[in-house]
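Going from the sequence shown to the numbering used here is simple: count from 1 and add 154. Don't be surprised by glycine CBs; every beta carbon is placed ideally from N, CA and C. These numbers were taken from a predicted model, which means no experiment stands behind them. The structure under discussion appears below in the form of structure tokens.
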Amino acid sequence: MKFDTKVIRAGIEADPTTGAIVPPIYQTATYVLDEVGKMKGYDYTRSANPTRQVLENNLAALEGGKHGTCFSSGMAAVDSVLKMLSSGDHVVCSDDVYGGVSRLFNDLLINYGLEFTYVNSSNSDEVENAIQQNTKLIWIETPTNPLLKVTDLDAVGKIANQHNIMYGVDATFSTPALLRPLEFGADIVMHSTTKYLSGHNQIIGGAIVTNDKKINDQMEFVQKTIGAVPSPFDCWLTLSGIKTLSIRMERHCVNGIAVAEFLENHPKVKSVSYPGLKSHPGYSIAKKQMLGFSGMISMELEGGIPAGISLMNNVKLCSLAESLGSVETMITHPATMTHADVPKEDRMARGLTDGLVRLSVGIEDKDDIVEDLDQALNS
Ligand SMILES: *Cc1c(COP(=O)(O)O)cnc(C)c1O
């Protein structure tokens, strides 16, 4: 089955009792047993739910993977992966990860004896050089949030394999429509389904896909033991969103390059980061491993911080909001919003300046998006 068919069909069958073409929302906490020890496949919704199961099977198929597990947020999904490690274990991590991920690692998991080293994973030598005796996980985000750094997944996959280290990729910015990390040797793909996968700013959710039965068993164990699972309704909305993933991503890519080129040529804009621009240091790797460049852009303005603030306060069509990957174009100030909890020195060290503006280009008409940005840049 081709990808564009999978988004609509994979793992989705007419409801066996009614023929409903859309899998029902099984809004139930528990399931009645036929007799002691004999159930119809489900016992309690924290462990499993039919609506969630359809979503998990669909997501696994989209990644070309065997197993999927869904969580109540992207953060819960990342945390579940880290729960496979033990005190004293070490993680090598991309330096420009989502702010919530670095908060989880540095402000919480560190208290449980885990150790983290952050590297610029665009340079795979840095990944290899950071490996220690006790390294148990390489955690890569590509492209990164918010600087859009691109990692060569194949190169890091070879390193992980050689050193026999578990390899996880947060591919939230790419989606399986544009990048499928399992094909490049990843053991684990993670998504914040809050973003492009659900695509409509309606839910918070996360997912893990793997081909490894042992990893999947562990993910299911964490689901039922911790209980950070999505509601059946959230799963249903996510499934609904995924049906248009292919055509939405096509439009996000078309609008993304159009807006990036407009910004790159705008006199008030100092620099633009978009993996689809030839000026982007990760352009050739992105072109090699991705089927499109997605809709995320970050930029610095000539007028620095005040100009960035003025832009964000003067947009009319674009929404000043956290989050990304939805149909609406959203503009964000990482230093005070998504990455506010990253200490200032760390932000500066990784190039996340106070003047940085992040744009999640939606699927409105690109001319309207450009017109709005132009008036806000000029006001
Ligand atoms: C949003 C995001 C997360 C966290 O996901 P939530 O659904 O908000 O918990 C993790 N990684 C990346 C790259 C994200 O953009």
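Asked                                                                                                                                                               : Found
Keeping to the same chain, check which residues put their C-beta closer than 7 angstroms to that of residue 392; ignore five residues upstream and five downstream. : 209, 347, 351, 352, 357 and 359
Does the region 462-470 come close enough to the region 524-531 that 3 or more CB-CB pairs lie under 8 angstroms?                                                   : yes
Terminal residues of the continuous alpha helix (DSSP H) containing residue 437?                                                                                    : 437-443
Assuming the contact rule is C-beta atoms closer than 8 angstroms, residue 535 and residue 344 should be a hit. Round their C-beta distance to whole Å, please.     : No answer is possible for residue 535: it lies beyond the span of the chain, which begins at 155 and ends at 533.
Quick one, are the C-beta atoms of residue 516 and residue 326 less than 9 angstroms apart?                                                                         : no
For residue 162, does the three-state DSSP call read helix, strand or coil?                                                                                         : helix
Which residue's Cα is closest to the Cα of residue 451: 212, 388 and 407?                                                                                           : 407
Quick test of your reading: residue 205 and residue 497, contact by CB under 8 angstroms. State the CB separation rounded to the nearest angstrom.                  : Contact flag wrong, Cβ pair sits at about 41 angstroms.
Could you tell me which of 237, 193 and 397 sits nearest to residue 264, measuring between CA atoms?                                                                : 237
Please confirm whether residue 486 and residue 518 have their CB atoms less than 9 angstroms apart.                                                                 : no
According to DSSP, is residue 269 part of a helix, a strand, or is it coil?                                                                                         : strand
Does DSSP classify residue 184 as helix, strand or coil?                                                                                                            : strand
State the start and end residues of the unbroken beta strand (DSSP E) segment that holds residue 510.                                                               : Segment: none, residue 510 is in no beta strand (DSSP E) and carries neither H nor E.
Where are the beta strand (DSSP E) runs, 3 residues long or more, that stay fully inside the region 422-485, in chain order?                                        : 423-427 and 450-455
At a threshold of 8 angstroms, does residue 515 count as lining ligand 1 (C-beta to nearest heavy atom)?                                                            : no
Please report the distance separating the alpha-carbon of residue 520 from that of residue 198.                                                                     : 46 angstroms
With a 10 Å radius around its C-beta and 16 neighbouring C-beta atoms as the bar for buried, classify residue 401 as buried or exposed.                             : exposed
Can you tell me where the beta strand (DSSP E) holding residue 411 begins and where it ends?                                                                        : Segment 399-418 is the alpha helix (DSSP H) holding residue 411; no beta strand (DSSP E) there.
Checking 9 angstroms against the spacing of the C-beta atoms, do residue 403 and residue 425 come in under that value?                                              : no
Can you have a look at residue 212 and say buried or exposed, based on whether 16 or more other CB atoms are within 10 angstroms of its CB?                         : buried
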